[in-house]
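Trainee: Numbering (full-length UniProt numbering), first residue to last: 1 to 120.
One structure, as structure tokens, below. Some questions next.
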């Protein structure tokens, strides 16, 4: 009875066409070391691409560093994080790979631990 509603093509098993390699990175990031953290992020992207990855997933708050504590209440911490994110977007090493980075995001006066995913 089910067959009359579904074409035979939909019932046939599909073969996997391609594989995607994912790099899950664990970086030694330092609180408020924005430029040092940027360099380590870029290096991890280079390594991910060399290993054939199509998607690079980084740790949470990797741009600002995780243990900023009270500095997460400072607008400068948020601003510097977005400045570093803008540098990532402009850097040629981030081309042709899906990149996932963690940074603090302020929305309506509340700071959130967020992920931002970008491609090219």
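Built from N, CA and C at the ideal position, the CB exists for glycine as well.
Bear in mind the structure is a predicted one, so any value in this text is a computation, not a measurement.
Which residues does DSSP pair with residue 56 in a beta bridge?
Mentor: 23 and 99
Trainee: What's the C-alpha gap between residue 83 and residue 107?
Mentor: 17 Å
Trainee: Answer with buried or exposed for residue 2, where buried requires no fewer than 16 other C-beta atoms within 10 angstroms of its C-beta.
Mentor: Residue placement at residue 2 is flagged as unreliable, the pLDDT there being 49, under the threshold of 50; the coordinate-derived value follows with that caveat. It counts as exposed.
Trainee: Quick one: what's got a C-beta closer than 8 Å to residue 59's C-beta in the same chain, skipping five residues either side?
Mentor: Hits under 8 Å: 25, 26, 27, 29, 66 and 102.
Trainee: Go ahead and pull the three-state DSSP assignment for residue 116.
Mentor: strand
Trainee: For residue 94, tell me which candidate among 33, 46, 114 and 81 has the shortest Cα-Cα distance.
Mentor: In terms of Cα proximity to residue 94, the closest of 33, 46, 114 and 81 is 46.
Trainee: Just to confirm, is the Cβ distance from residue 48 to residue 18 under 8 Å?
Mentor: Taking 8 Å as the cut-off, the beta carbon of residue 48 is found no closer than this to the beta carbon of residue 18.
Trainee: Indicate the three-state DSSP secondary structure (helix, strand or coil) for residue 2 in the structure shown.
Mentor: Reliability of the predicted coordinates at residue 2 is poor, the pLDDT of 49 falling under 50, and the value obtained from them is presented with this limitation in mind. The answer is helix: DSSP assigns residue 2 an H, G or I state.
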